[in-house]
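If you count the sequence shown from 1, you need to add 35 to reach the working numbering.
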Amino acid sequence: MAPGSASESATSTATDSNTLVEKLFVGEFDLLKLHQLDPVAFPFLLESVAQSQHVQGIASTVDASIDSARFDILFAFPQKTTHLNSEQEAAQFVQSFERDFASQSVSLTNHFLPFTGGWFAYFSYDYAQVVEPTLKLPVQQTSSLPLAMVVRVPSAFVFDKADKALYMVTEVGFEQHLVVMKEAFEQCKAKALSLTAFHIVSQSEEPENKYLDGIADIKEYILSGDIFQVNLSRQWDVALSNDDAVSVYASLRKNNPAPFAALVDFGDWQVISSSPERLVRYRAPWVETRPIAGTRKRSDDLEQDRALIEELREHPKEIAEHIMLIDLERNDLGRICQPGSVEVNELMVIETYEHVHHIVSNVRGHLKQEISPLEVIHATFPGGTITGCPKVRCMEIIGELEQMPRLAYTGSLGYINRDGSLDFNILIRTMLKQGSDVQFRAGAGIVADSIAERELMESRHKAKGLIRALEAGETL
């Protein structure tokens, strides 16, 4: 079949007794067009917009088998939605999902697509109060946003970048979805995205002094033996000239591409993300987490860019912080993995993105039997790289110093299949959008020998891609 042609002979093929898959199209295709066509029917888009880049003259240490940038998924026809609006409802929320999963879980075989029907889920950072009930985090009285949402989703479009093939997938019993999905594809396959230019009306960031004072307080906690490291963040608030989420996301993925990007539309509010970091993935038998700790701003000068990578690799503070967080992640996975199976299969590799270099490791283990998907998430949530070590005490200090809920920032988005396999990101480099108002946060890991002004600058480096994307809205 020629590239760019629709599959005239494509038929629904049962990959197992529970799933139907149809190859719809071969060629380049942007799933954002389908979301724009009908954001109610197709509300949740997860994209792998970028892999780690190779810097000339620097040997790559990234495992070439990592497929985090292979698939894009557009979830279709949401069904039952379970909200968690307050921690008082936590037990009911957890029990509701556990019942649903137990009643609808199936064995899935012979499928290579990452999603074949199941659930889409959002967890705000403040869901940590459910994972650790002793926590008392700040409450934003004016916020009506949920702590978490789990949405039953039986169908999806999946684009495979390796084969440049667009698939439709649905659960048996929802065959009618394939007809509607094909009609939607035909409506928009030849159309371009309709983007609306926008500009920044106003912009503010948290006062520098608040952040610098917070760093000083953290150093006191470290000296007193309370903690080893805390990830402290600060907030930016931006008012835009219009409220078109598709245009904001299109600008973000162009200006700050990332392997765990997302546009998630919940109606009155949207999560728009260019995250580089995975929280947790489970594909039997391996459950794995991929912590990022250690960052340097990129340089436009090639020689300087190389020097920054080498400096990052060899910096004692960054190495010590990263090893500490690997130990934290090993401990998290150790609670749900078979004894002796937890390992670090990638240690301190450099991943390079549009604006920054990161140190990244991969920690994995064999999941114990009878561990539910929600138990996997609870064991790793929130990610240790965005809290600190030890995790619970760090979250208490974060609440004390930041003095406001993080909401989407450092929460998580992802999906759960009916066989329990799952994949979730960490919501960093992420905007929370309500109408034409956008907020986002960025931070840095604070340790005993942190230089406060340098950590302040690191928070700005991490926010740079988001700010640049919003500034570029005028040229869409």
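For each residue, glycine too, the CB sits at the ideal point set by N, CA and C.
Here the structure is a predicted model, which means the values were calculated and not measured.
Please state whether the Cβ-Cβ distance between residue i and residue j is less than 7 Å.
i	j	result
PHE64	TRP271	no
ALA104	PRO294	yes
ILE394	GLY329	yes
THR415	ASP454	no
PHE106	PRO149	yes
THR290	ALA487	Rather than Thr, the amino acid found at residue 290 in this sequence is Asn. No, the pair does not count as a contact, with Cβ atoms beyond the cut-off.
HIS496	LYS245	no
ALA183	PHE158	yes
TYR160	PRO417	yes
GLY249	LEU436	yes
PHE459	VAL315	yes
ASP278	GLY62	no
LYS68	ILE307	no
ILE108	ALA191	yes
So what does residue i bridge to, in DSSP terms?
i	result
TYR450	PHE155, ASP458
CYS372	LEU402
GLN123	DSSP lists no partner for GLN123.
ALA183	LEU119, PHE158
ILE358	DSSP output for ILE358 lists no bridge partner at all.
TRP29	Residue 29 cannot be examined here, being either before or after the span of the chain that is shown, 36 to 511.
ILE385	ILE394
ILE235	LEU275
CYS424	GLN264
MET492	In DSSP, MET492 forms no bridge with anything.
MET203	GLU57, PHE192
Alpha carbon to alpha carbon, what distance is there between residue j and residue i?
i	j	result
LYS196	LEU448	21 Å
SER178	ALA296	24 Å
PRO78	PHE110	7 Å
GLY208	VAL186	18 Å
ARG341	PRO74	42 Å
ILE412	LEU258	32 Å
LEU80	HIS70	8 Å
GLU509	GLN305	21 Å
THR205	GLY152	6 Å
LEU275	VAL322	40 Å
GLU241	PRO440	14 Å
PHE112	ARG318	25 Å
ILE26	ARG428	No answer is possible for residue 26: it lies beyond the span of the chain, which begins at 36 and ends at 511.
LEU501	ARG269	14 Å
PRO173	LEU442	10 Å
VAL391	SER237	26 Å
ILE344	HIS350	10 Å
LEU347	GLY434	29 Å
HIS357	ALA477	18 Å
ILE327	ALA498	16 Å
GLY369	VAL214	45 Å
LEU228	ILE361	42 Å
THR144	ILE406	20 Å
Tell me which same chain residues have a C-beta within less than 7 Å of the C-beta of residue i, skipping the five on either side of it?
i	result
ILE421	ASN266, THR445, ILE461, ILE463
ARG365	VAL377, VAL398
ALA76	ALA111, PHE112
Leaving aside the five residues before and after residue i along the sequence, list all residues of the same chain whose C-beta is less than 6 Å from its C-beta, in chain order.
i	result
LEU230	SER282, ALA285, LEU511
ASN120	PRO181
CYS424	PHE263, GLN264, MET359, LEU363
ALA479	GLU490, GLU493, SER494
ARG288	VAL84, ALA296
SER239	ASP272
Leaving aside the five residues before and after residue i along the sequence, list all residues of the same chain whose C-beta is less than 8 Å from its C-beta, in chain order.
i	result
LYS352	VAL482, ASP484, SER485
HIS27	This structure gives no information on residue 27, because the portion of the chain shown stretches from 36 to 511.
ALA232	SER282, GLY508, GLU509, THR510, LEU511
GLU122	GLN164, VAL165, PRO168, LEU182
Can you confirm whether residue i, when its beta carbon is compared against all beta carbons of chain B, has any partner nearer than 7 Å?
i	result
PRO326	Although the question refers to chain B, the structure presented lacks it and comprises just one protein chain.
Query raised in the report: Counting pairs of Cβ atoms below 8 Å between the segment 369-382 and the segment 392-399, do you hit three or more?
Result: Judged by pairs of C-beta atoms under 8 Å, the segment 369-382 touches the segment 392-399, as three or more such pairs exist.
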